[in-house]
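Step one of this worksheet: look at the structure below.
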Amino acid sequence: MRKVKKRAFLLLVLVGCVVFSGCQTKAGDTADSKGKVKEDAVMKVKSEDVTFESTRGTKIYSTIVTPAEMEDESYPVVLFSHGFVGSRDGDGAFPKIAEKLAEENILSIMIDFAGNNESEEPYTNYTIKNMSDDMDTALTYMEENYKIDQDKIGLMGHSMGARMTALKLNDQIKAAALWAPAAAPGLEGIYDFMGGKESVEKYYQEAQENDYAVFDFYGEEYAIDMSLAFFEEVKESNPVEKINDYQGNLFIAVAEKDPAIHKETTDQAVRAATNVKELSVCTIKNADHGFKHIEDEKDTSVQGYTIDRTADFLIQKLK
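Residue numbers for the sequence shown, in mature numbering (1 follows the signal peptide of the UniProt record, and there is no 0): -27 to -1, 1 to 292.
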């Protein structure tokens, strides 16, 4: 079975809308690939690569970002969830947000989902249940190895990771940030980045016949094996319903020129957020799916602005 190492595919604001117009351990193995712990002497932030066991008995590869000097106090924590065929660094954006959070004494953990980046599992293990279990395991790891303030837990997700983030919203989550959420109900939620309704139905039928489907919409070079469980669990999931039930603080970033998640999809997430304590929607002009400049890859201002706004929101709500 194929396994992907790394590839990121190509509101009515109740409290204020920001528009970018022209316009931002203990248990486990701890080390980066060379057995090092990375620390920024200027920003006083520590980044540490850690592995721990999943409920399936496999390894979850993660990066934990904290203040370089920890006090004897309880800390807020944010769990980051990457998108479809992605990596725990969120195409470079997640560590930048995590560093800003650590500077304000908020801890972060970023994880690779099954089949992605450093994960040793096949992509067929990339399912809603497994992702949900791994998110729970990651937060449990933080609770067991750091002093976590249980009243200040946050979530951050991008694309399919934002769908997972939405599905995990509950009374325990004080704040959440969704970037380009693939949040439409059921299989509709994956139409945008899997070639549309007919394409998804074709892959789903193939998975029903063979127990998995070879997803090659982006070319044979990037083909992956997707399990029947993935399609069935997506079909049964409804992030819009979870968003509607959520009563915490919610930030939604919408990429104006997103080729992977359509505006109609993100609009569903925005419209559903009617019971939140505070809602902030940030529409980013000239942004692609990764919130980078759609035409100029050297222009870092678009993603930088989105990173700043996201970090500001999470800091404000979790401090």
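Using N, Cα and C, we set each Cβ at its ideal position, and we do this for glycine too.
Predicted model, so just to flag it, every value in this text is computed and none were measured.
Suppose the cutoff is 6 Å on Cβ atoms and the five residues either side in sequence are ignored; what does the same chain contact list for residue i look like?
i              : result
histidine 266  : Asn259, Asp272, Val275
methionine 129 : Val51, Phe53, Ala150
If you check the beta carbons only, do residue i and residue j fall under 7 Å apart?
i                 : j              : result
valine 18         : alanine 75     : yes
leucine 151       : proline 212    : no
glycine 56        : serine 132     : yes
leucine 223       : leucine 252    : yes
isoleucine 84     : alanine 111    : yes
alanine 180       : aspartate 189  : no
residue 311       : glutamate 21   : Given a span of -27 to 292 for the chain in the structure shown, any question on residue 311 remains unanswerable.
phenylalanine 203 : tyrosine 177   : no
glutamine 241     : alanine 153    : no
aspartate 62      : glycine 263    : no
leucine 142       : lysine 208     : no
valine 254        : isoleucine 280 : no
threonine 113     : leucine 80     : no
glutamine 145     : isoleucine 121 : no
aspartate 165     : isoleucine 70  : no
isoleucine 33     : aspartate 107  : yes
tyrosine 96       : aspartate 184  : no
valine 227        : threonine 239  : yes
Would you give the residue range spanned by the beta strand (DSSP E) that residue i belongs to?
i             : result
leucine 52    : 48 to 54
glutamine 123 : 121 to 131
glutamate 21  : 18 to 26
proline 212   : Taken as a continuous stretch (DSSP letters only), proline 212 belongs to no beta strand (DSSP E), being part of the alpha helix (DSSP H) at 212 to 218.
glutamate 268 : That residue, glutamate 268, is in no beta strand (DSSP E); it is neither H nor E in DSSP.
tyrosine 164  : Unbroken run through tyrosine 164: none, as it is neither H nor E.
serine 200    : 197 to 200
valine 227    : 222 to 228
Here's the rule I'm using: 16 or more other beta-carbon atoms within 10 Å means buried, otherwise exposed. How should residue i be labelled?
i             : result
glycine 169   : exposed
serine 47     : exposed
arginine 244  : exposed
glycine 192   : exposed
lysine 73     : buried
asparagine 98 : buried
asparagine 89 : buried
proline 232   : exposed
glutamate 94  : buried
methionine 43 : exposed
aspartate 261 : buried
Residue i and residue j look like a contact to me (Cβ under 8 Å); what is the Cβ gap, rounded to whole Å?
i             : j             : result
leucine 52    : lysine 147    : Incorrect: roughly 12 Å between the Cβ atoms, too far for contact.
threonine 256 : glutamate 229 : 6 Å
glycine 134   : serine 54     : 3 Å
glutamate 100 : serine 35     : The sequence as given places threonine at residue 100; glutamate does not occur at that position. With a Cβ gap of about 19 Å, threonine 100 and serine 35 do not count as contacting.
Please list the terminal residues of the continuous alpha helix (DSSP H) segment that includes residue i.
i             : result
isoleucine 70 : 66 to 76
serine 274    : 274 to 291
I'd like the list of long-range same chain contacts for residue i, defined as Cβ closer than 7 Å, with 5 residues on each side in sequence excluded.
i             : result
lysine 250    : Gln220, Gly221, Asn222
aspartate 285 : none
glutamine 289 : none
Can you give me the Cβ contacts of residue i inside the same chain, cut-off strictly under 8 Å, excluding the 5 residues immediately before and after it?
i              : result
asparagine 103 : Ser27, Arg29, Phe86, Ala87
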